[in-house]
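Asker:
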Amino acid sequence: MGKYLKYTIYVNLIIAVLSTYMAINLWNVDRNRAYIFVFLAVITCFMFFFRRHYYKKFQERKKKEQ
36 MGKYLKYTIY VNLIIAVLST YMAINLWNVD RNRAYIFVFL AVITCFMFFF RRHYYKKFQE
96 RKKKEQ
């Protein structure tokens, strides 16, 4: 389970990059949809750093227990 958790963290980063790309493409066409993609990019970027922080914290706790 821990191996999959390490890689799912980076899925958030990929989604943030794709959302930023979509926001840039839609900026002049449909500004409201672009704002939605900007919001999604900010949230998923935050989730990436949040989950990475706690993943490292759990790994350190696991090493101390062993």
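Positions in the sequence shown are counted from 1; adding 35 to them yields this note's numbering. Idealized CB from N, CA, C, for every residue including glycine. Please read all numbers here as calculations on a predicted model, not as lab measurements.
Using 10 angstroms around the beta-carbon of T43, count the other beta-carbons present and answer buried if the total reaches 16, otherwise exposed.
Answerer: For this step, residue 43 is matched to residue 8 along the sequence shown. The residue is exposed, with fewer than 16 neighbouring Cβ atoms inside 10 Å.
Asker: Taking buried to mean at least 16 other C-beta atoms within 10 Å of its own C-beta, is N67 buried or exposed?
Answerer: Locating residue 67 in the sequence shown gives position 32, where the first residue counts as 1. Label assigned to N67: exposed.
Asker: Looking at the structure shown, is N67 part of a helix, part of a strand, or coil, going by DSSP?
Answerer: Residue mapping note: residue 67 aligns to position 32 of the sequence shown, counting from 1. N67: helix per DSSP, three-state reduction.
Asker: In three-state DSSP terms, what is Q94?
Answerer: In the sequence shown, residue 94 corresponds to position 59, counting from 1. Helix.
Asker: Which residues in the same chain have their Cβ closer than 7 Å to the Cβ of A138, if we skip the five residues on either side of it in sequence?
Answerer: It is not possible to answer for residue 138, since the shown part of the chain is limited to 36 through 101.
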